[in-house]
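S.K.: I'd like to ask you about the structure that follows.
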Amino acid sequence: MAGAESILNKSILARNGGLPRSVYGRTILAPSTNAGWFFPIQNTGRCDAAKDPSVQHLRMGFGESMEKKWQNPHRRWNSLRQAWVMVSPHRTQRPWLGEVGQTAVPPGAAYDPECYLCPGNKRAGGDQNPAYESVFSFVNDYAALLPEAPPTVEAPASPLLAAEAVRGICKVLCFHPDHSLTVARMTREEIRCVVDAWAQEHQELAALDWIQYVQIFENRGAMMGASNPHPHCQIWSTGFVPDEPAAETAAQKEHLARTGHCLLCDYLETERAAGERVIFENEYFTALVPWWAVWPFEVLLLSRRHMGALPEFTSGERSGLADALKRMTTRYDNLFATSFPYTMGFHQTPTTGEAHPEWHFHAHFYPPLLRSATVRKYMVGFEMLGMPQRDITAESAAERLRACAEEHFWPRL
Ligand SMILES: [Zn+2]
Ligand SMILES: [Zn+2]
Ligand SMILES: [Zn+2]
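Below you can see the structure in the form of structure tokens.
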């Protein structure tokens with residue numbers, strides 16, 4: 441285990457108050473003798489049956505014993521983000537005196553004359569949208585970043601007041617001309633057009649030598665701050681690698697250097713063997729509630745093949761991603777019979793011009809809802825001042841999402 445000691449990196453030691461009690465993934469969670477806390481980071485066997493797209497063939501290993509295993513407060517290590525999350529499953533029985541809401545009614549109109557994303561409408565910046573029939577992208581009229589090379593920032597009066605000029609390109613991509621649709625209610629063929637557009641946008645933006653990262657993300661629902669229900673996403677490409685992908689780059693690089701393997705390939709194999717956090721999978725993607733989930737119904741969508749970015753996808757993988765997005769968002773909507781809000785985005789290889797063999801393509805879904813269409817989780821108090829915390833376990837969230845149908849509760853006519 442000498443090699444394992446070396447992975448006791450500084451951050452883990454620091455987080456444990458400098459006590460070298462932890463060996464990655466094994467005793468890090470519980471220095472107790474409870475064998476039920478063991479996290480098999482080193483998977484011993486592949487799940488052959490998991491090649492079958494039917495999730496029933498996965499070893500679920502879920503039941504009363506699994507529930508009991510995680511009923512005590514504990515904290516879990518996020519090996520991708522290098523951070524802890526506290527899990528307090530015993531709190532789910534506490535009385536609730538907060539807001540209780542009604543199921544949201546999905547919007548009905550296919551065209552909204554006031555919508556700046558609908559075909560043919562004028563945008564606030566004065567441009568007119570074409571009468572598009574599939575996808576449509578444009579540079580954001582109120583972009584957070586501008587592409588022009590910025591003037592150099594003056595040297596700060598103190599190193600404690602450091603700043604740096606930044607530039608970027610912020611685009612908007614409309615998924616569909618129909619104002620009333622969401623990904624969940626689009627067809628697989630329509631979503632495939634969006635996947636193709638994402639790949640093309642990524643390729644074009646990454647080709648600019650000063651762009652170092654392309655972040656595609658969708659804010660869905662007013663609860664997530666989406667100002668417009670029209671189905672669309674944003675594509676912010678930046679002249680620097682933002683913090684989240686930078687942290688994941690470091691973690692993936694470290695794992696590759698230490699083990700010779702990809703972190704997320706190893707993680708995917710571990711999760712598929714365990715089965716208890718897997719929601720569903722198709723031939724190309726696996727959807728699961730990650731071990732380290734912070735949001736109640738957080739999901740990680742992992743490509744089965746080791747690849748870094750959308751342009752590397754085969755045609756089958758593009759359709760596989762469309763299928764996975766359709767099924768995941770439908771299950772989400774069915775969970776509380778509402779148009780489920782979330783922030784979803786892809787993490788891909790930085791476009792820094794270097795090879796990034798450590799990078800494994802994935803999507804994160806961060807949905808805020810906790811127990812109904814309107815009762816959400818808040819990241820406040822201890823979470824702002826201490827660390828993230830959740831009540832329901834990742835295993836029980838996965839069980840709930842596995843039980844959801846893949847036929848939408850509100851069929852499209
Ligand atoms: Zn619209
Ligand atoms: Zn990989
Ligand atoms: Zn990520």
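In terms of the numbering used here, the sequence shown is residues 441 to 853. In this text, a Cβ means the ideal position worked out from N, Cα and C, and glycines have one as well.
(1) Using the beta-carbon count (16 or more within 10 Å), is residue 531 buried or exposed?
(2) Can you give me the start and stop residues for the beta strand (DSSP E) that residue 613 sits inside?
(3) Answer yes if the region 816-830 comes into contact with the region 513-529, meaning at least three C-beta pairs across the two stretches below 8 Å, and no otherwise.
(4) To the nearest angstrom, report how far apart residue 688 and residue 590 are at their CA atoms.
(5) In the DSSP assignment, what are the bridge partners of residue 676?
(6) Taking only three categories from DSSP, how would you classify residue 517?
(7) Per DSSP, which one or two residues make a beta bridge with residue 784?
(8) Leaving out five residues on either side along the sequence, give the residues of the same chain with a beta carbon under 8 Å from the beta carbon of residue 668.
(9) Would you mind giving the Cβ-Cβ distance between residue 656 and residue 786, rounded to the nearest angstrom? I have them listed as a contact below 8 Å.
(10) At the 8 Å Cβ level, is residue 713 part of the contact set with chain D, yes or no?
(11) How about the region 790-799 and the region 709-721: do they share at least three Cβ pairs that are nearer than 8 Å?
(12) Buried or exposed: residue 513, going by 16 or more other Cβ atoms within 10 Å of its Cβ?
(13) So, residue 724 versus residue 760, is the Cβ gap smaller than 8 Å?
(14) In its own chain, which residues sit with a C-beta less than 7 Å from the C-beta of residue 602, not counting the 5 before and 5 after it?
(15) Check each candidate in 732, 791, 632 and 852 and name the one with the smallest Cα separation from residue 517.
(16) Which residue marks the beginning of the alpha helix (DSSP H) containing residue 832, and which one marks its end?
(17) Quick one: what does DSSP say residue 484 is sitting in, helix, strand or coil?
(18) Would you check whether ligand 2 has a heavy atom nearer than 7 Å to the C-beta of residue 520?
(19) Relative to the C-alpha of residue 570, which residue among 616, 651 and 644 is closest?
(20) CB of residue 746 to nearest heavy atom of ligand 3: below 7 Å?
(21) Can you give me the C-alpha to C-alpha distance between residue 561 and residue 567, rounded to a whole angstrom?
(22) Have a look at 836, 756 and 782 and flag the residue whose alpha-carbon is nearest the alpha-carbon of residue 624.
(23) If you draw a straight line from the alpha carbon of residue 662 to that of residue 814, how long is it in whole angstroms?
(24) If you draw a straight line from the alpha carbon of residue 742 to that of residue 605, how long is it in whole angstroms?
(25) If the criterion is Cβ atoms closer than 8 Å, does the pair residue 719 and residue 734 meet it?
(26) Please look up how many angstroms separate the CB atoms of residue 748 and residue 788, rounded, as I've assumed it's under 8 Å.
(27) Within the present structure, is the beta-carbon of residue 688 separated from the nearest heavy atom of ligand 3 by less than 7 Å?
(28) Tell me which same chain residues have a C-beta within less than 8 Å of the C-beta of residue 529, skipping the five on either side of it?
(29) Would the region 754-773 count as touching the region 617-636 if we require 3 or more Cβ pairs under 8 Å?
(30) Anyone know if the C-beta pair for residue 652 and residue 612 falls short of 8 Å?
(31) How long is the line joining the alpha carbons of residue 473 and residue 714, rounded to whole angstroms?
(32) Look at the Cβ atom of residue 771, then the Cβ atom of residue 846, and state whether they are nearer than 8 Å.
(33) Beta carbon of residue 804: closer than 7 Å to some heavy atom of ligand 2?
(34) Measure the alpha-carbon distance for residue 482 versus residue 730 and round it to whole angstroms.
(35) Please classify residue 769: is it buried, with 16 or more other beta-carbons within 10 angstroms of its beta-carbon, or exposed?
M.R.: Let me spell this out:
(1) Within the sequence shown, the letter at position 91 stands for residue 531. So residue 531 counts as exposed.
(2) Here residue 613 is taken as the residue at index 173 of the sequence shown, counted from 1. Segment 608-614, the beta strand (DSSP E) holding residue 613.
(3) yes
(4) The count along the sequence shown starts at 1 and reaches residue 688 at position 248. The count along the sequence shown starts at 1 and reaches residue 590 at position 150. Rounded to the nearest angstrom, the two C-alpha atoms are 28 Å apart.
(5) Counting from 1 along the sequence shown, the entry for residue 676 is found at position 236. According to DSSP, which records beta bridges pairwise, residue 676 is partnered with 610 and 655.
(6) Taking the sequence shown and counting its residues from 1, one reaches residue 517 at position 77. In the structure shown, residue 517 sits in a strand (DSSP, three-state: E or B).
(7) Here the question's residue 784 lines up with position 344 in the sequence shown. Per DSSP, 658 and 805.
(8) If you number the sequence shown from 1, residue 668 lands on position 228. Excluding sequence neighbours, residue 668 sits near 555, 556 and 557.
(9) One-based indexing of the sequence shown puts residue 656 at position 216. One-based indexing of the sequence shown puts residue 786 at position 346. Indeed, because the Cβ distance is near 5 Å, the residues count as touching under 8 Å.
(10) Checking the listed chains, one finds no chain D in this structure; it contains a single protein chain.
(11) no
(12) Taking the first residue of the sequence shown as 1, we reach residue 513 at position 73. Flag for residue 513 reads exposed.
(13) In the sequence shown, counting from the first residue as 1, residue 724 sits at position 284. In the sequence shown, counting from the first residue as 1, residue 760 sits at position 320. Yes, the Cβ-Cβ distance between residue 724 and residue 760 is below 8 Å.
(14) Residue numbering aside, residue 602 sits at position 162 when the sequence shown is read from its first letter. Excluding residues within five positions, the ones whose Cβ falls inside 7 Å are 596.
(15) Here the question's residue 517 lines up with position 77 in the sequence shown. Considering only alpha carbons, the answer is 732.
(16) For the purposes of this step, residue 832 is identified with residue 392 of the sequence shown, where counting begins at 1. Taken as a continuous stretch (DSSP letters only), residue 832 belongs to no alpha helix (DSSP H), as it is neither H nor E.
(17) Your numbering for residue 484 matches position 44 in the sequence shown. No answer about residue 484 holds up, because its pLDDT of 32 lies below 50 and its placement is not dependable.
(18) Numbered from its first residue, the sequence shown carries residue 520 at position 80. It does not: the Cβ of residue 520 is nowhere closer than 7 Å to a heavy atom of ligand 2.
(19) If you number the sequence shown from 1, residue 570 lands on position 130. That would be 616, whose Cα lies nearest to the Cα of residue 570.
(20) Locating residue 746 in the sequence shown gives position 306, where the first residue counts as 1. Flag unset: Cβ of residue 746 not near ligand 3.
(21) Here residue 561 refers to the residue found at position 121 when the sequence shown is read from its first residue. Here residue 567 refers to the residue found at position 127 when the sequence shown is read from its first residue. If you take the alpha carbons of residue 561 and residue 567, they lie about 9 Å apart.
(22) Stepping through the sequence shown from its first residue, residue 624 is reached at position 184. For the residues 836, 756 and 782, the minimum Cα distance to residue 624 belongs to 782.
(23) Translated into positions along the sequence shown, residue 662 becomes position 222. Translated into positions along the sequence shown, residue 814 becomes position 374. Spanning the two alpha carbons is a distance of roughly 11 Å.
(24) The count along the sequence shown starts at 1 and reaches residue 742 at position 302. The count along the sequence shown starts at 1 and reaches residue 605 at position 165. Computed Cα separation, rounded: 34 Å.
(25) Here residue 719 refers to the residue found at position 279 when the sequence shown is read from its first residue. Here residue 734 refers to the residue found at position 294 when the sequence shown is read from its first residue. The answer is no: Cβ separation not under 8 Å.
(26) Here residue 748 corresponds to residue number 308 of the sequence shown, with the count starting at 1. Here residue 788 corresponds to residue number 348 of the sequence shown, with the count starting at 1. Sure, about 6 Å apart at Cβ, within 8 Å.
(27) Here residue 688 is taken as the residue at index 248 of the sequence shown, counted from 1. Indeed, a heavy atom of ligand 3 lies less than 7 Å from the Cβ.
(28) In the sequence shown, counting from the first residue as 1, residue 529 sits at position 89. Closer than 8 Å at the Cβ level, and outside the excluded window around residue 529, lie 510, 511, 512, 513, 831, 832, 833 and 836.
(29) yes
(30) Within the sequence shown, the letter at position 212 stands for residue 652. Within the sequence shown, the letter at position 172 stands for residue 612. No.
(31) Here residue 473 refers to the residue found at position 33 of the sequence shown. Here residue 714 refers to the residue found at position 274 of the sequence shown. Caution is warranted here: a pLDDT of 31 is assigned to residue 473, below 50, making its placement in the model unreliable, and no coordinate value can be reported.
(32) Here residue 771 corresponds to residue number 331 of the sequence shown, with the count starting at 1. Here residue 846 corresponds to residue number 406 of the sequence shown, with the count starting at 1. The answer is yes: Cβ separation under 8 Å.
(33) Residue mapping note: residue 804 aligns to position 364 of the sequence shown, counting from 1. Checking the Cβ of residue 804 against ligand 2 gives no.
(34) Reading the sequence shown from its first residue, position 42 is the one you call residue 482. Reading the sequence shown from its first residue, position 290 is the one you call residue 730. For residue 482, the pLDDT reaches just 33, beneath the cut-off of 50, and the residue's location in the model is therefore unreliable, although a value from the coordinates is still provided. In a straight line, the C-alpha of residue 482 is about 17 Å away from that of residue 730.
(35) Taking the sequence shown and counting its residues from 1, the one referred to as residue 769 is at position 329. It is buried - the Cβ of residue 769 has at least 16 other Cβ atoms within 10 Å.
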